[in-house]
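J.: Before I ask anything, here is the structure I am working with.
Residue numbers (mature numbering (1 follows the signal peptide of the UniProt record, and there is no 0)): -30 to -1, 1 to 359.
Rendered as structure tokens:
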């Protein structure tokens, strides 16, 4: 790190002497950092633009599981955003600290948003309280560039008539307008956190029905999701386990008054990272009303090449007998399988921090009551351009 001490600024948190350095403002961003005796202030960001080619399907009528005709079309588009990061820290003489981070986003489609926006207070002995908008510990890391799932399956929103890939992130964070508080403690190789996500989480259900029963949107309450995680990292290994559950009864109910927000999930992660190799084995299980979702994922990144596989095995219980059978996810067992890969070209054209990625995926779905869902297979490829500044 090279310091240019000839440039002075008066900042509100008294940084003296002041230095400006090109540094790593975060693990993945190069930026400019103002440093002083008691704290720092950094500015960084990245540009991420994706050029995509993939196929998509839509059932001619209702659920994709039993549609007699599935309309398939090829799509080509560009997505992406510019992310700006402002981060700061101030420390006391006793070693305590206050940190903040803000990451506004400018989408390539003209939209404006925010990624992280939080304040953290730490005590110098490994304890910390974080408040704001952020993501908690990742219990299901993917190391992906481009993943979509078969049919209209999702891994973040639940939609009747579609598949669902549970990955222990319903309470991880960044939940629309929901608030977050996370308490964590690091002691040697052990790390523990208790995350909370509270507020309106009815948007988790991205359809008007659940198992064919209408969701009562006029009778929702704020949810409170607790998400404890314990991780042990001896050397290159990491073993982590966690759970998430909504502790507010009847936060979201269906037309019968049944609590469909009663959802409890569990996750285990085993990771190895040393040198040019990193490997993850992830397990997740969700116990929901009249439904269970189990997911296993394994992925590896060696030097510039990534390869991953995700398998979901879900069981659907009671479904409204009066509902249109072609408009809901039917009773029984269904599986979803997705394989994906990526390749990384670093410092393209000799330009530092300018990277190019290639990503591709293929995804399939099967239901025990339907022997042929090959028309619902999905595949795609992506070229990602990324520049850190």
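Beta carbons are placed, not taken as given, at the ideal position from N, Cα and C, and that holds for glycine.
Rounding to the nearest angstrom, what Cα-Cα distance links residue 197 and residue 317 in this structure?
T.: For residue 197 and residue 317, the distance between alpha carbons rounds to 38 Å.
J.: Spatial neighbours of residue -7 within its chain, please: C-beta separation below 6 Å, excluding the five flanking residues on both sides.
T.: Because residue -7 carries a pLDDT of 36, less than 50, the predicted location of this residue cannot be relied on, and no value is offered for it.
J.: Determine the DSSP secondary structure at residue 109, reduced to helix, strand or coil.
T.: DSSP places residue 109 in coil when its eight states are reduced to three.
J.: Pick helix, strand or coil for residue 338, following the three-state DSSP scheme.
T.: Here residue 338 sits in coil by DSSP.
J.: How would you call residue 45, buried or exposed, if buried means at least 16 neighbouring beta carbons within 10 angstroms?
T.: Classification of residue 45: exposed, given that the 10 Å Cβ count is below 16.
J.: Cα-Cα, which of 49, 234, 303 is closest to residue 23?
T.: Residue 23 has its Cα closest to that of 49, out of 49, 234, 303.
J.: Which partner residues of residue 356 appear in the DSSP bridge assignment?
T.: Residue 356 pairs with 18, 325.
J.: Would you mind working out which of 229, 240, 20, 111 sits nearest residue 184, comparing C-alpha positions?
T.: It is 229.
J.: According to DSSP, which residues form a beta bridge with residue 200?
T.: Residue 200 is bridged to 162, 211.
J.: What are the partner residues of residue 47, as DSSP defines its beta bridges?
T.: According to DSSP, which records beta bridges pairwise, residue 47 is partnered with 22.
J.: Determine, using beta carbons only, whether residue 117 and residue 315 come nearer to each other than 8 Å.
T.: No. Outside cutoff.
J.: Measure the beta-carbon distance from residue 90 to residue 99 and round it to whole angstroms, keeping in mind my assumption that it falls under 8 Å.
T.: So it is a contact: roughly 7 Å between Cβ atoms.
J.: In whole angstroms, give me the CA-to-CA distance for residue 59 and residue 66.
T.: Roughly 10 Å between the two C-alpha positions.
J.: Taking only three categories from DSSP, how would you classify residue 173?
T.: Correct three-state label for residue 173: helix.
J.: Specify the secondary structure class of residue 317 as computed by DSSP and reduced to three states.
T.: Residue state, collapsed to three classes: coil.
J.: Are the beta-carbon atoms belonging to residue 160 and residue 202 less than 8 Å from one another?
T.: Yes. Within cutoff.
J.: Say whether the region 98 to 115 touches the region 150 to 167, bearing in mind that this needs 3 or more beta-carbon pairs closer than 8 Å, one atom from each stretch.
T.: Yes: the two stretches touch, three or more of their Cβ pairs being nearer than 8 Å.
J.: CA-CA distance, residue 181 and residue 80?
T.: Each residue's alpha carbon lies about 36 Å from the other.
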